[in-house]
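Chemist: Following my numbering, the numbering of the sequence shown begins with 1125 at its first residue and continues without gaps. For each residue, glycine too, the CB sits at the ideal point set by N, CA and C.
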Amino acid sequence: MSATVTTSPPLATRGTSGRRRAAPDLPPYGPRGSRWTSRAAVHGVLLLAALYSVLPLVWLVTSATKSVGDFSATSAFELADFNLWGNLRDLFAREDGVFLHWIRNSLLYAGVGAVLGALICTACGYAVAKLDFPGRRALFAVTLAGVLVPPTALALPLYLLASNLHLVNTFWAVFLPLLSNPFGVYLARTFADAAVPDEVLEAARLDGAGEFRIFLTVALPMMMPGFVTIVLFQFVSIWNNFFLPLVMLTDPELFPMTLGIYQWNTRAPQFPDYNPLVITGSLLAVVPLIIAFVVLQRQWRSGLAAGSVK
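(1) Taking all protein chains shown into account, do 16 or more other C-beta atoms lie within 10 angstroms of the C-beta of H1225, making it buried, or fewer, making it exposed?
(2) Is N1399 closer than 7 Å to A1409 when the C-beta atoms are compared?
(3) Please tell me whether R1313 and V1252 are closer than 7 Å, where the distance is taken between their beta carbons.
(4) For F1264, which of helix, strand or coil comes out of DSSP?
(5) Would you please state the rounded distance, in angstroms, between the beta carbons of F1315 and G1350? I believe it to be under 8 Å.
(6) First and last residue of the alpha helix (DSSP H) that includes S1361?
(7) Express the C-alpha separation of P1376 and F1395 in angstroms, rounding to a whole number.
(8) Say whether the segment 1374-1388 touches the segment 1285-1302, bearing in mind that this needs 3 or more beta-carbon pairs closer than 8 Å, one atom from each stretch.
(9) According to DSSP, is V1418 part of a helix, a strand, or is it coil?
(10) Starting from F1336 and walking both ways along the alpha helix (DSSP H), at which residues does that stretch end?
(11) Would you call the segment 1207-1224 and the segment 1357-1373 touching, i.e. three or more CB-CB distances under 8 Å?
(12) Quick one: is F1176 buried, meaning 16 or more other Cβ sit within 10 Å of its Cβ, or exposed?
(13) Can you tell me where the alpha helix (DSSP H) with P1306 in it begins and where it stops?
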């Protein structure tokens, strides 16, 4: 006969009363010191990244309060005599108020262009994801290839096309090319796959609804977080667009803020009184982007999270 040997669990010990005591918990990620060291390193990297992002904005705020003489008499982040209102007054009065035209143009290019462009991208992404038509895969492959093409490489072909259509130095020469965005189509296609069930579309078709009506009344409300995300990306991209207006436009009254401020900046070495105007104008150019991110942050964050899961 063989004897049966019983052993206690390796991670338990016996007390004097015979009852088992559980072994103390071990740190799940190694020694406690190394865990705190890794956390400190990560927090340090995040702090450096935050400072790298915030310090230029702090410099804009402090520099916008300075007069022409204060630029050479004070350090970069030092507050001088508060001259912000004087700089704003000079900014809007310079060259017969041309800066107001630049603000209007930027709002038209970026505001209207972002909404229309996002609607076009959302419709294209929905069609590629949910409609069955010949060449769908090839079309999406071409769209993905368009994401890899830098916008500066398209500036010269767009200029030649606008020249043949007699659109150079007009509002439409800048506005029309901004309505297409391959990345927006890709994002809308990914989001449509995740957010729009095929059963809902089939039910709408059985009720007699057309494809266009199904997109507007059924699919688009379901894709609204993704639509807002594309609007925000389009708005930021168009608002910061510089090279296309530089190629297309010569009339200062058609310039967006980016191109107009750049022109003033080229004059600043010869005329130092343009320095406060350039910095104050740059500060005003950042404000709409901050407002857009703050107002739409809940929508675009949920849109990114939902669109990333298929």
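Modeler: Checking against the coordinates, here is how it stands:
(1) Indexing the sequence shown from 1 puts residue 1225 at position 101. With 16 or more other Cβ atoms inside 10 Å of its own Cβ, H1225 counts as buried.
(2) Stepping through the sequence shown from its first residue, residue 1409 is reached at position 285. Stepping through the sequence shown from its first residue, residue 1399 is reached at position 275. Cβ distance not < 7 Å, so A1409 and N1399 don't count as in contact.
(3) For this step, residue 1313 is matched to residue 189 along the sequence shown. For this step, residue 1252 is matched to residue 128 along the sequence shown. Yes, these two residues count as a Cβ contact at 7 Å.
(4) The residue you call residue 1264 lines up with position 140 of the sequence shown. In the three-state reduction of the DSSP assignment, F1264 falls in the helix class, which pools H, G and I.
(5) Working through the sequence shown from its first residue, we reach residue 1315 at position 191. Working through the sequence shown from its first residue, we reach residue 1350 at position 226. About 3 Å separates the Cβ atoms of F1315 and G1350, confirming a contact at the 8 Å cut-off.
(6) As a position in the sequence shown, residue 1361 is number 237, starting the count at 1. Counted as a single uninterrupted DSSP element, the alpha helix (DSSP H) harbouring S1361 occupies residues 1348-1363.
(7) For this step, residue 1395 is matched to residue 271 along the sequence shown. For this step, residue 1376 is matched to residue 252 along the sequence shown. Rounded to whole angstroms, F1395 and P1376 show a C-alpha spacing of 19 Å.
(8) Contact holds: three or more Cβ-Cβ distances are below 8 Å.
(9) As a working mapping, residue 1418 is identified with position 294 in the sequence shown. Note: V1418 maps to helix in three-state DSSP.
(10) As a working note, residue 1336 is residue 212 in the sequence shown. Here the alpha helix (DSSP H) through F1336 covers 1335-1338.
(11) Contact between the segment 1207-1224 and the segment 1357-1373 is not established, with fewer than three Cβ pairs separated by less than 8 Å.
(12) As a working note, residue 1176 is residue 52 in the sequence shown. Residue identity differs from the one stated: residue 1176 is Tyr in this sequence, not Phe. Residue burial is scored here from C-beta neighbours: Y1176 has fewer than 16 other C-beta atoms within 10 angstroms and is therefore classed as exposed.
(13) For the purposes of this step, residue 1306 is taken as the residue at position 182 of the sequence shown. It spans 1306-1319 - the alpha helix (DSSP H) in which P1306 sits, taken as one unbroken run.
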